[in-house]
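Written below as structure tokens is the structure these notes are about.
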Amino acid sequence: MSRLQVVSGKGGTGKTTVAAALALALATEGKRTLLVEVEGRQGIAQLFETEALPYEERKIAVAPGGGEVYALAIDPELALLDYLQMFYKLGGAGRALKKLGAIDFATTIAPGLRDVLLTGKACEAVRRKDRSGRFAYDYVVMDAPPTGRVTRFLNVNDEVAGLAKIGPIHNQAQAVMRVLKSPETAVHLVTLLEEMPVQETADGISELRAAKLPVGRVIVNMVRPTVLDQAELEFARAVPRAAIARSLSGAGLGGARRGGLAERLVDPLLRQADEYAERFALEREQRGVLTELGLPLHELPLLAEGMDLAGLYELATELRQQGIS
Amino acid sequence: MNSDPASTHDDTACAPDAAHIPDMGSPRALNPVSVLEVDSLLDDPKTRIVVCCGSGGVGKTTTAAALGLRAAERGRKVVVLTIDPARRLAQSMGIDVLDNTPRRVKGIEDSGGGELHAMMLDMKRTFDEIVEAHADPERAAAILSNPFYQSLSAGFAGTQEYMAMEKLGQLRARDEWDLIVVDTPPSRSALDFLDAPKRLGSFLDGKLIRVLMAPAKVGGRAGMKFLNVGMSMMTGALGKLLGGQLLKDVQTFVAAMDTMFGGFRTRADATYKLLQAPGTAFLVVAAPERDALREAAYFVERLAAEDMPLAGLVLNRVHDSGAAQLSAERALAAAENLEEPRIVDQERGKAGLRNSPDPYDSSDSPSPEEAVSDGGSLTAANPDRNIEQLTAGLLRLHAERMRLLFREQRTRDRFTALHPEVAVAEVGALPGDVHDLTGLRNIGDRLAANRPELPEEYDTHA
């Protein structure tokens, strides 16, 4: 089992939610996971219903069974100052650099440097050991940038390594890359059963593979329950409207005669069934596309009551039951 | 907005038939919000630029394309600038070839004299063109081959945003179109594209660059000792950090770009002013989900702070129901009522007539024995049974729809409570993806109708 679990996915597929659920799922008894955020959106704090996370590892949840989840929102500027402090003992000079715009330059403009800092911090957490030689975290789960940018984000160390041909950034990039391209890392992609996210997932996998980054699992999020199966949908098309009206009436929903309350429900209900049928067919098609990718496939249900903390634990339990931890 | 009074106000009439369960009714009818008049916005000759922004995955590109098509079919000469369209949508518009110039879209209804042009942004090409246009050939070649430039033009997190705004400025300057509709990049945060021009502009003529460019000049002046110390310390630190080669590349790059800095700053400012100009309308695009609307609220506040003209919110993928008078609770109760007899069947071997006072054709009903042997399958053996199962299924489907609808409504209400001044256009959810002009036209109709369900004549239900 890879110790660095990177979660990406198209925007709107719920990758932050899945990353958080995964961190909870992996924190089985006695285990400790670190959930890392790299895009400064404070999505983790919102999910766990806590105040904004500082640039500091702190415990945010106890998983079912007693494991612990820590969270960290990596701030590239602070990470760079940290780094300078660690390697160069810069002290107050760091502030001078900031004043001159050098930190801003390095973290926003200098190609790839920002990403090295972010991935570097995550890799440092992966490798960190306590005094007894035990890993500080059993797993690090990263809520990564979306599919369209994730390969570049993870692979940017290569880019930096090409640009900075020598020097500490170069060395750091090489070290980070060794972790990211090893079996210690797995990149998971979150998708929905819709055409664009599935297409983007397939493209993302090709890109990751081309960059020799280890692809992990595909997680289909927000899967809607099957309410009517294929046979029932076909039956719905064949059955006389009046029969449904009588059935509705029998269930206590008003008169079945033309213009009656039950009768007037038939058309809208059948229209909803038609929409459902169309979606059902599309979903089946997309599920087929995903199956052909040949990766472990997981499905998480759409939570009827919307996403909240309880829902997050539900998804974590679901992931455990599907054998992800 | 459900504007069909028949379907929204007859819920109380249901009560005599069943145990009274408080009905949710049609929540949409209860919360009027100010309505975004899409057609008047598109038709107004003073509207010259429409910017669609919002978080990822909410249908920005589709909305931009649908607005462009609608405006063109209503007689305007339109160009749509998309950032990263879905492949099939790009193909159907004929813009899947990246050549960084607008292409005329064929197949639109142009009897009103309108035209639709579309293009997909090529970020690197746009950057290269700026360099080529502002530097002499020798200098341009030096910049284009510099590794730092190559990385900056392809990879810098804000480059796409900057280039989108740059391209917008270029299209506007050509003055060939009545209306420019812009999609914005799927940014880390929706705010990035507003910040990018400034950030790149301020970087490119910032202190750091000047220090990197001309250390000798700065160092030579009296009274500049602090800066001198800062500079040498910093170039030293940067050199250590990045390696001498990269620093040299940066310095070369900066020196080569020297002549363009003023230009960059001016252009960034001009783009920013263009966005604030009266002919520009921002549309914040969102889906009725918590995160998307939170981003939308954030964006609305930010636009106000920057004096950017907000036209309204486009709320995509809103669900509605033609049977909104039937609440989720009542639908579920009725479904259970219908499904109960099946258990009775299996236990006691009786046909489930208990809850069917009006079976639709009792002469076709098989004997109770047949019903038992047939279990719950969907053959013709027991049509009553099957129909009741089907009806129960339809009711459960409806209950699910009503819950979704209610949740969306709550989410939207939270937004409108915070920003009652923002006009909203709701677009009904489609079961499938949109990847052709017909689909875009349909979205456009829904945008303008401003209600999730279309009038009957648009309905595809047979």
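Line by line, the protein sequences are chains P and H. Going by my numbering, the first sequence opens with residue 42, and the numbers climb by one from there. Going by my numbering, the second sequence opens with residue 1402, and the numbers climb by one from there. Beta carbons: idealized from backbone N, C-alpha and C, even for Gly. If you're wondering where the values come from, they're calculated on a predicted model, not measured in any experiment.
- Within chain P, the residues placing a beta-carbon under 7 angstroms from that of Val1459(H) are Gly53, ordered along the chain.
- Only Leu302, Ala303, Arg305, Leu306, Val307, Asp308, Pro309, Leu310, Leu311, Arg312, Gln313, Ala314, Asp315, Glu316 from the stretch 302 to 316 of chain P bring a Cβ to less than 9 angstroms from some Cβ of chain H.
- Relative to the Cα of Phe176(P), the nearest Cα in the group Leu233(P), Thr74(P), Arg312(P), Arg193(P) belongs to Thr74(P).
- Residue Leu1553(H) holds the alpha-carbon nearest to the alpha-carbon of Asp1529(H) among Thr1839(H), Lys1507(H), Leu1553(H).
- Glu1577(H) and Leu1517(H) have their C-alpha atoms spaced approximately 12 angstroms apart.
- Cβ-Cβ separation between Val1828(H) and Ile1844(H): approximately 6 angstroms, consistent with a contact (criterion under 8 angstroms).
- Annotation: Leu1470(H) has no Cβ neighbours in chain P at a cutoff of 7 angstroms; minimum Cβ distance is about 19 angstroms.
- Ser366(P) sits buried, since 16 or more C-beta atoms from the chains shown fall within 10 Å of its C-beta.
- Close to chain P, meaning a Cβ-Cβ distance shorter than 7 angstroms, are the following residues of the stretch 1786 to 1800 of chain H: Asn1787, Ile1788, Glu1789, Leu1791, Thr1792, Gly1794, Leu1795, Arg1797, Leu1798, His1799.
- Secondary structure note for Val1481(H): its beta strand (DSSP E) is the uninterrupted segment 1478 to 1483.
- Minimum Cα-Cα distance from Ala216(P) among the listed residues Leu350(P), Leu249(P), Val201(P), Lys51(P) corresponds to Val201(P).
- Within 10 angstroms of the beta-carbon of Pro224(P) lie fewer than 16 other beta-carbons, which makes it exposed.
- The stretch 1686 to 1706 of chain H makes no contact with the stretch 275 to 294 of chain P, as fewer than three CB pairs between them are under 8 angstroms.
- Against chain H, the beta carbon of Gln240(P) has neighbours under 9 angstroms at Ala1487, Arg1488, Arg1489, listed in chain order.
- Taking the CA atoms as reference points, Leu350(P) sits about 6 angstroms from Phe89(P).
- The Cβ atoms of Ile1544(H) and Phe1654(H) sit closer than 8 angstroms to each other.
- Distance from the Cα of Leu1795(H) is smallest, within the candidate group Leu356(P), Pro309(P), Met42(P), Ala357(P), for Pro309(P).
- With fewer than 16 neighbouring CB atoms inside 10 Å of its own CB, Ser1546(H) falls in the exposed class.
- When secondary structure is reduced to three states using DSSP, Val191(P) falls in the helix class.
- With contacts defined by Cβ atoms closer than 8 angstroms, Ala102(P) and Ala93(P) do not form a contacting pair.
- Counting C-beta pairs with one atom in each stretch, the stretch 290 to 308 of chain P and the stretch 1701 to 1708 of chain H have fewer than three that are closer than 8 angstroms, which means they do not touch.
- Here DSSP, grouped into helix, strand and coil, assigns His229(P) to strand.
- At a cut-off of 8 angstroms between beta carbons, Leu1694(H) makes no contact with chain P.
- Residues of the stretch 1799 to 1814 of chain H whose Cβ lies closer than 7 angstroms to any Cβ of chain P, in chain order: His1799, Glu1801, Arg1802, Arg1804, Arg1808.
- Non-local C-beta neighbours of Pro186(P) in its own chain, meaning closer than 8 angstroms and more than five positions away in sequence, comprise Ser49, Val79, Glu80, Phe194, ordered along the chain.
- Looking at the backbone, the Cα of Thr1462(H) and that of Val1452(H) are separated by about 11 angstroms.
- At least one beta carbon of chain P lies nearer than 8 angstroms to the beta carbon of Ser1722(H).
- The residues Pro1689, Val1719, His1720, in chain order, have a CB closer than 7 angstroms to that of Glu1809(H) in the same chain once the five nearest residues on each side in sequence are set aside.
- Taken in chain order, the unbroken stretches of alpha helix (DSSP H) that lie wholly in the stretch 276 to 343 of chain P and span 4 residues or more are 282 to 291, 302 to 333.
- Taking C-alpha positions only, Gly1455(H) is separated from Glu98(P) by approximately 30 angstroms.
- In this structure the stretch 1559 to 1567 of chain H touches the stretch 1579 to 1588 of chain H; the number of beta carbon pairs closer than 8 angstroms is three or more.
- For Lys1447(H), the number of other beta carbons within 10 angstroms of its own is below 16, and it is reported as exposed.
- In this chain, Ser49(P) is not harboured by any alpha helix (DSSP H); it is covered by the beta strand (DSSP E) spanning 45 to 50.
- Relative to Gly329(P), the option among Gln240(P), Glu304(P), Leu306(P), Gly53(P) whose CA is nearest is Gln240(P).
- For Ala114(P), the enclosing beta strand (DSSP E) starts and ends at 109 to 114.
- Contact of Asn1738(H) with chain P by beta-carbon distance below 9 angstroms involves Gly291, Ala292, Gly293.
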